[in-house]
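Participant:
Number of protein chains: 2
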Amino acid sequence: MLGSQNDMGQMPEPPAPSDGSSLTAHVYDVISEMLLSGALKPGDRMSLRGLAEQLGVSVMPIRAAIGRLAARGALTVEPKRAVTVPVLRRDEFRDLTRNRIHLESWAAALAAQSGMEAVPLRAAEQRFRSALSRDEAASAVRANKALHFHVYAAARSPVLTELVTIMWLKAGPIINLDLGERSRRSRHAASAESHARLVAALLRGDAETASEALAHDIHSAAEFILSRDILPD
Amino acid sequence: MLGSQNDMGQMPEPPAPSDGSSLTAHVYDVISEMLLSGALKPGDRMSLRGLAEQLGVSVMPIRAAIGRLAARGALTVEPKRAVTVPVLRRDEFRDLTRNRIHLESWAAALAAQSGMEAVPLRAAEQRFRSALSRDEAASAVRANKALHFHVYAAARSPVLTELVTIMWLKAGPIINLDLGERSRRSRHAASAESHARLVAALLRGDAETASEALAHDIHSAAEFILSRDILPD
DNA sequence: GCTTTGCAACTGTGATCCCAGTTTTATGGC
DNA sequence: GCCATAAAACTGGGATCACAGTTGCAAAGC
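Heads up: the protein sequence lines correspond to chains A and B, in order. Its first residue numbered -16, the first sequence is counted upward by one per residue in the working numbering. Its first residue numbered -16, the second sequence is counted upward by one per residue in the working numbering.
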């Protein structure tokens, strides 16, 4: 066991930078990022004490952060059992995908109507393509997330962004499942095509095409997952 | 100060019935219901210790429940200040309303397509009209919520229902603001008309009309709030 | 009478201990 | 060797204490 709090054992990120002035916020960000990036897989188990030691804090901030994630449906915490990353059945994943398409394609339409600045949008798309060409899966995942949420922010609807975030927390562990480098690369390549159509439509204010392109992006990624026999049921 | 835990002081509801086998779940339900029913108004302040004494539990379950509500945007908890019910500005309320219309009217369309059983649906509507005629505001609010979520459940989309629930937690304190008996009654009467159109459309599988009726219900209630000068900005 | 200042009460946050279930591991019986 | 069984390790939930900011009230100064 480690000594008292803040033992500086091997905590990955010191609470100093980017810390939301609260240990709970920091822990929330760390676990949230692990979910969104696919570092946590469906069914993965974690314990409060284990995470506490790992992150170099006591169990209290861990509990609070886990509770918040659980409230958003990103984690499952059964009465006296280990905290787990939810395992979605096929129909649950389909339901999630349907809602993602409905909300995120709408967000794309709103963004197109509001108008977007070309430079940062193209830069975000370029960062994704660049990570793709350099074959860096992890940074491609980050760039993909950044591009999508850049669009959602342009919809100028905080509520919508929040709802989409909640769905991403649920979908992250499944969408970013590492199914081998080959398939991941081809999936990202398909995504790049959707992105190109999306960006072009957004810049010319074509709400309908932007909406359709984003829907296609989500749909094809989901179909890829469903085509493999990964999800139960 | 009360004695030790479970002091049986004046706790409103004993943790025994309907308790989700966890004090936190019970506290969550209680506060959630207070938000949805308008018992809590925007800007209302509450303290962990105050709630703990009031509900007859220690601060721990209160903290967990508050944290979960805050994660869903239903409560605001600033670093070292009192927990408050969020005060939405006009534009924030408009944004929330727009998203509610987009999601809830879609849910109504899905419910119409799935088909609904006539008896329980008509019963739910009747309970609202009955509470209305008996002039019982509180039970009209409950019946209204029950009717709406009866429809959303029929959409058979757990994710959608969850997202809608989150938005109701945000809107509850504003929508159910007590602006005097007269205006509340006329607002509920207007709602009854929308409900009639909604129920009829649902039962004949008319997705478009059902969607439109629900959108109108939300829109008119929101316009009523906006017409008064209650929200800041 | 009005402003300013300081102290006291109150706020959420975090740490630590304890408890009652769960899960796993090892042990004993066959 | 295999299965039932018990004990040890581990799980989250809750209570309590300590702490550092915030808020508000009251007394002092002018």
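Ideal Cβ placement from N, Cα and C applies to all residues, glycine included.
1) What residue range does the alpha helix (DSSP H) around D249(B) cover?
2) Determine the closest residue to E100(A) out of A8(A), D12(A) and A183(A), with distance taken between C-alpha atoms.
3) Under 9 Å between beta-carbons, which chain B residues line up against A54(A)? List them in chain order, please.
4) Since M29(A) meets chain B, which of its residues come closer than 8 Å, beta carbon to beta carbon?
5) Hey, does E145(A) have any beta-carbon neighbour from chain B nearer than 8 Å?
6) Identify, in the order they occur along the chain, each residue of the same chain with its Cβ nearer than 8 Å to the Cβ of T144(A), setting aside the five sequence neighbours on each side.
7) To the nearest angstrom, report how far apart N(-11)(A) and L6(A) are at their CA atoms.
8) Cα separation between G50(B) and G50(A)?
9) A129(B) and A193(B) - do their beta-carbons sit closer together than 8 Å?
10) Any beta carbon from chain B within less than 8 Å of D216(A)'s own beta carbon?
11) What are the partner residues of R28(B), as DSSP defines its beta bridges?
12) Counting along the chain, where does the alpha helix (DSSP H) carrying V147(A) start and finish?
13) With a cut-off of 8 Å, does the C-beta of M17(A) fall near any C-beta of chain B?
14) Thinking just about the alpha-carbon of each residue, which of F76(B), G155(B), T80(B) and R83(B) is nearest to the one in I258(B)?
15) Please state the DSSP three-state secondary structure of V10(A).
16) Using DSSP's beta-bridge definition, name the partner residues of V60(B).
17) Buried or exposed for A121(A), going by 16 or more other Cβ atoms inside 10 Å?
18) Any idea what DSSP makes of I213(B), helix, strand or coil?
19) Whole-angstrom Cβ separation of V10(A) and V40(A), contact assumed at under 8 Å?
20) Could you check whether the Cβ of V142(B) sits closer than 8 Å to any Cβ belonging to chain A?
21) Would you mind giving the Cβ-Cβ distance between P141(A) and D78(B), rounded to the nearest angstrom? I have them listed as a contact below 8 Å.
22) Assuming the contact rule is C-beta atoms closer than 8 Å, S177(B) and A190(B) should be a hit. Round their C-beta distance to whole Å, please.
23) Among the candidates E108(A), E75(A) and G98(A), whose CA atom is the shortest distance from the CA of R180(A)?
24) Please report the distance separating the alpha-carbon of I45(B) from that of A57(B).
25) Buried or exposed: where does V124(A) fall if 16 or more other Cβ atoms within 10 Å of its Cβ makes it buried?
26) Quick one: what's got a C-beta closer than 8 Å to S(-13)(B)'s C-beta in the same chain, skipping five residues either side?
27) Tell me which residue opens and which closes the alpha helix (DSSP H) that E176(A) is part of.
28) Using a Cβ-Cβ cut-off of less than 9 Å, give me the residues of the segment 81 to 107 of chain B that come near chain A, in sequence order.
29) Consider the Cβ of A47(B): report whether some Cβ of chain A lies at a distance smaller than 8 Å.
30) Could you check what DSSP says for G50(A) in three-state terms: helix, strand or coil?
31) Count the other C-beta atoms from every protein chain shown that fall within 10 angstroms of the C-beta of E206(B), then say buried if there are 16 or more, exposed otherwise.
32) How many Å lie between H171(A) and E119(A) at the Cα?
33) Hey, does D78(A) have any beta-carbon neighbour from chain B nearer than 8 Å?
34) So, helix, strand or coil for V40(B), using DSSP?
35) Can you give me the Cβ contacts of D212(A) inside the same chain, cut-off strictly under 7 Å, excluding the 5 residues immediately before and after it?
36) Select from G188(B), A114(B), T59(B) and L19(B) the residue whose C-alpha is nearest the C-alpha of M150(B).
Facilitator: Short version:
1) Residue 249(B) cannot be examined here, being either before or after the span of chain B that is shown, -16 to 216.
2) A183(A)
3) Y11, G50, R51, L52, A53, A54 and R55
4) The premise fails here: M29(A) is roughly 18 Å from chain B at the closest Cβ pair, so nothing lies under 8 Å.
5) yes
6) A90, F132, Y135, A136 and A138
7) Because N(-11)(A) carries a pLDDT of 37, less than 50, the predicted location of this residue cannot be relied on, and no value is offered for it.
8) 7 Å
9) no
10) no
11) T67(B)
12) P141 to I158
13) no
14) Because chain B in this structure spans residues -16 to 216, residue 258(B) falls outside the shown range and cannot be described.
15) helix
16) V66(B)
17) exposed
18) coil
19) 7 Å
20) yes
21) 6 Å
22) Rounded, the Cβ-Cβ distance is 16 Å, inconsistent with contact.
23) E108(A)
24) 15 Å
25) buried
26) Annotation note: pLDDT 35 at S(-13)(B) (below 50); position unreliable, coordinate value reported separately. No residues qualify anywhere along the chain.
27) E164 to L186
28) R81, N82, R83, H85, L86 and W89
29) yes
30) helix
31) exposed
32) 11 Å
33) yes
34) coil
35) none
36) L19(B)
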